[in-house]
Structures are given as C-alpha cells and as structure tokens.
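Student:
Numbering (mature numbering (1 follows the signal peptide of the UniProt record, and there is no 0)), first residue to last: -25 to -1, 1 to 80.
1) With 16 as the cutoff for other CB atoms within 10 Å, does residue 7 come out buried or exposed?
2) What are the boundary residues of the alpha helix (DSSP H) that includes residue 34?
3) Give a yes or no on contact between the region 57 to 69 and the region 19 to 28, applying the rule of three or more CB pairs nearer than 8 Å.
4) Do the CB positions of residue 59 and residue 48 come within less than 8 Å of each other?
5) Excluding the 5 residues flanking residue 30 on each side, which residues of the same chain have their C-beta closer than 8 Å to its C-beta?
6) CB-CB under 6 Å to residue 73, same chain, minus the five flanking residues each way: which ones, in chain order?
7) Is the beta carbon of residue 55 closer than 8 Å to that of residue 17?
8) So, with DSSP's three-state summary, where would you put residue 25?
9) With residue 30 as the anchor, note down where its alpha helix (DSSP H) starts and where it stops.
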C-alpha cells in the first residue's frame, strides 16, 4: 500500500513543529494548584461564609456553591492544559471538605 500521499510537506512541517509546541502546552501542576487555591478556594469560602455556617450541612443550600467550585477547578484546568479531574483536584477537594466539615454538627 502506497502511503506516500500522507507525507506531504504540510505533514512534515507539523511533525517538526508539533513536539516543541507540546512542551509549552504541558500542565504546570504547581501553577494550577496555586490558581485553584487563590481563586476557587477563596471564592468557595467567601460564598460559604455568606451562606452562614448553620446551612453548611444543607445540601440544597450548598449544592450551587459546590457546583461553582467544581466548575472553577475544571475551567482553570482547561486554561492550564491540565487533565481534569486529577490528583491536584483530589487534594483540593479533600482540603476543602476538611476546612468546612470541622464546623458541621
């Protein structure tokens, strides 16, 4: 089978250009972790405090806040070229639950 038609000059150009570009599109986990802490975690805590501690155990009251923080981590993962979910997000949500569950009766 003749596969010569697959190797046009355009394809060869992409073979040469793509690998260096992939390096720049790689996930920076440290940067991603900082971003979700700085933006998503702060936003979550602000909204939870605004809601009031007496409602932290009420899923109907907190569901939207949890959806927003989930979407925040997902959006920042996309911007940072990170897979989502990932272990950074797992640790983030573990810390998030740890910080709020202390006050839940």
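By construction, the Cβ of each residue, glycine as well, lies at the ideal position given by its N, Cα and C atoms.
Tutor: Inspection of the coordinates gives the following:
1) Counting Cβ neighbours within 10 Å, residue 7 comes out buried, since at least 16 surround it.
2) In the DSSP assignment, residue 34 falls within the alpha helix (DSSP H) that extends over 34 to 54.
3) They do not touch, by the three-pair rule.
4) Using a Cβ distance threshold of 8 Å, residue 59 and residue 48 count as a contacting pair.
5) So the list reads 36 and 37, once near-sequence residues are dropped.
6) Excluding residues within five positions, none has a Cβ falling inside 6 Å.
7) No. Outside cutoff.
8) Three-state result, residue 25: helix.
9) Neither: residue 30 is in no alpha helix (DSSP H) and is coded neither H nor E.
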